[in-house]
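Student: Have a look at this one.
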Amino acid sequence: MAANLVVPSDITLLEEKKCIGKRKIGWFETFGLMGMAPMIHIHYSKLDTRDKRAILSKKYDPDDKSEEGIIVQKRQDSVKREVLATPFMWGTAGTMAGLTWWSFRRYNYQSRLVALPFIFYGGTFIGRAIGDIVTGRNAEFGRDRFLGSLPAKVYYSGSS
343 MAANLVVPSD
353 ITLLEEKKCI
363 GKRKIGWFET
373 FGLMGMAPMI
383 HIHYSKLDTR
393 DKRAILSKKY
403 DPDDKSEEGI
413 IVQKRQDSVK
423 REVLATPFMW
433 GTAGTMAGLT
443 WWSFRRYNYQ
453 SRLVALPFIF
463 YGGTFIGRAI
473 GDIVTGRNAE
483 FGRDRFLGSL
493 PAKVYYSGSS
């Protein structure tokens, strides 16, 4: 059995080709990256936080109107919107859990502990929707969202 070799994907090579320098990652993007769960790669079909940080830290020429330049800029915008929407998810979930804890203040702690995880879990879905609306991710074209979800690494498949 041959060993699997992980190589950069085509879109990652295109990003490296079109990159003209480093871009500073802002505070909100940093918080968004910290709020994302770690990932175990089995098939390399998704972006992890390290890949998203690498995409966001590349600077592209804003005057580049070639197809490749537009593709990498739209991919970076899509990943940026996804990262910026993450703190809204956690903030809404935490706020809903805190309000539930406060509204159950006259009850014993067991009743609070029963309701808390369900409200927190529901708050993540509501927060995700709010984050998508605030960052404009809900108005994103399907093509842009697809570009933002392409993996940065793939398994090498030989020519055979």
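For reference, each letter of the sequence shown is one residue, going 343 to 502 in the numbering used here. Yeah, the Cβ is synthetic: ideal placement off N, Cα and C, and Gly gets one too.
Just how far apart, CA to CA, sit residue 396 and residue 472?
Tutor: The alpha-carbon atoms of residue 396 and residue 472 are separated by roughly 26 Å.
Student: Taking one C-beta from the stretch 370–390 and one from the stretch 422–436 each time, how about it: are there three or more such pairs within less than 8 Å?
Tutor: Contact between the stretch 370–390 and the stretch 422–436 is present, because at least three Cβ pairs lie under 8 Å.
Student: Answer with buried or exposed for residue 343, where buried requires no fewer than 16 other C-beta atoms within 10 angstroms of its C-beta.
Tutor: Residue placement at residue 343 is poorly supported in this model, since its pLDDT is 42, which falls under 50; the coordinates are not used for a value here.
Student: State the Cα-Cα distance for the pair residue 418 and residue 381, rounded to the nearest angstrom.
Tutor: If I take the Cα positions, the gap works out to 20 Å.
Student: Given the structure, does residue 362 come close to the ligand SAM, in the sense that its CB is under 6 Å from one of the ligand's heavy atoms?
Tutor: As far as ligands go, the structure on display features none, and thus does not contain the ligand SAM.
Student: Going by the CB atoms, is the gap between residue 367 and residue 408 shorter than 7 Å?
Tutor: For residue 408 and residue 367, no; Cβs fall outside 7 Å.
Student: How would you write the range of the alpha helix (DSSP H) that residue 368 sits in, first residue to last?
Tutor: Counting along the chain, residue 368 falls outside any alpha helix (DSSP H), and DSSP gives it neither H nor E.
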